[in-house]
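In terms of the numbering used here, the sequence shown opens at residue 5 and continues consecutively.
Have a look at the structure below before the remarks.
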Amino acid sequence: MGTAFSPIYHTFLTSVVSAADCIAVSVDYRRAPEHHVPIVYEDSWDAMEWIFRHISGSGPEDWLNENADFGRVFIAGDSAGENIAHHMGIRAGKERGEFIISGMTLFHPFFLSRVGAVGYFEGLWDIASPTSDKGVVDPWINVVGSDLSGLGCLRVLVMVAGKDVLAREGWVYAEELKKSGWEGKVEVMETKGEGHVFHLRNPNSDRARVVVQRFEEFLKR
Numbered sequence: 005m006g007t008a009f010s011p012i013y014h015t016f017l018t019s020v021v022s023a024a025d026c027i028a029v030s031v032d033y034r035r036a037p038e039h040h041v042p043i044v045y046e047d048s049w050d051a052m053e054w055i056f057r058h059i060s061g062s063g064p065e066d067w068l069n070e071n072a073d074f075g076r077v078f079i080a081g082d083s084a085g086e087n088i089a090h091h092m093g094i095r096a097g098k099e100r101g102e103f104i105i106s107g108m109t110l111f112h113p114f115f116l117s118r119v120g121a122v123g124y125f126e127g128l129w130d131i132a133s134p135t136s137d138k139g140v141v142d143p144w145i146n147v148v149g150s151d152l153s154g155l156g157c158l159r160v161l162v163m164v165a166g167k168d169v170l171a172r173e174g175w176v177y178a179e180e181l182k183k184s185g186w187e188g189k190v191e192v193m194e195t196k197g198e199g200h201v202f203h204l205r206n207p208n209s210d211r212a213r214v215v216v217q218r219f220e221e222f223l224k225r
């Protein structure tokens, strides 16, 4: 629902960058209802390609050429952004370019299924993809029904919140990834007693700090 310029995301990214001593690139993709799926994924992949144009040291942003370590690239997102991050990982596996994604962190997954569909979130998907005739079994949103074996990263951290109505889908995703034949390592962190993207709404809470700490540890490992 937010953008790359939203204060809640800026606050979160600032805390992560400070803790992990890393560079963060926040993607300002076109959003629904003005722009429908798959534009959001196309915009995000364009951003990925822009980032990796800097690998040779001759990309358009000198600061990235000089300071970024392209041997340690991670992708991450929360809620809808988490869904996008997953699809970027899948496409990276298919493209098999010169870049390597070290890891992916999914905060409070926004996946749906016939079992896990919830009215409010199902309505959001209808807005984002009004022309889809598949509903909650559309592979853009019901990813656990798709082939996960080609995910193009080495490690995955899935974060779920105990009171999040979509938490089940995060657990299912992790289990399906383990069984898919994907050769990486997946781990799950659950924050009990909290709801969807609580760490953005209450960034100074102890539990939000634990989320940042776990993310930092994942990035530094």
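For every residue, glycine included, the Cβ atom is placed at its ideal position computed from N, Cα and C.
These figures come from a predicted structure and were not determined experimentally.
For R218, the enclosing alpha helix (DSSP H) stretches over residues 210-224. If you draw a straight line from the Cα of G199 to the Cα of V169, it is about 8 Å long. Around the beta carbon of V201, 16 or more other beta carbons lie within 10 angstroms, which makes this residue buried. Contact annotation: the segment 150-170 touches the segment 201-219, with at least three C-beta pairs closer than 8 Å.
Going by C-alpha positions, V20 is about 31 Å away from E38. Per DSSP, the unbroken beta strand (DSSP E) holding L161 starts and ends at 157-165.
Listed in chain order, the beta strand (DSSP E) runs fully inside the segment 50-93 are 78-83, counting runs of at least 3 residues.
Each residue's CA atom was taken as its position, placing M193 and R159 some 14 Å apart.
DSSP places E187 in the coil class of the three-state scheme, outside both helix and strand. The beta carbon of W49 sits closer than 8 Å to the beta carbons of M92, R95 from its chain, once the five residues preceding and following it are set aside; these are given in chain order. Under DSSP, L152 takes part in no beta bridge, so it has no partner. Distance from the CA of E220 to the CA of I79, rounded to the nearest whole angstrom, comes to 13 Å. Nearest C-alpha to R205 among R76, Y33, D82: D82. The beta carbon of G185 is closer than 7 Å to those of S153 in its chain, skipping five residues each way along the sequence.
For G97, the three-state secondary structure derived from DSSP is helix.
Under the criterion of beta carbons closer than 8 Å, V216 and Y177 do not qualify as touching, at roughly 22 Å.
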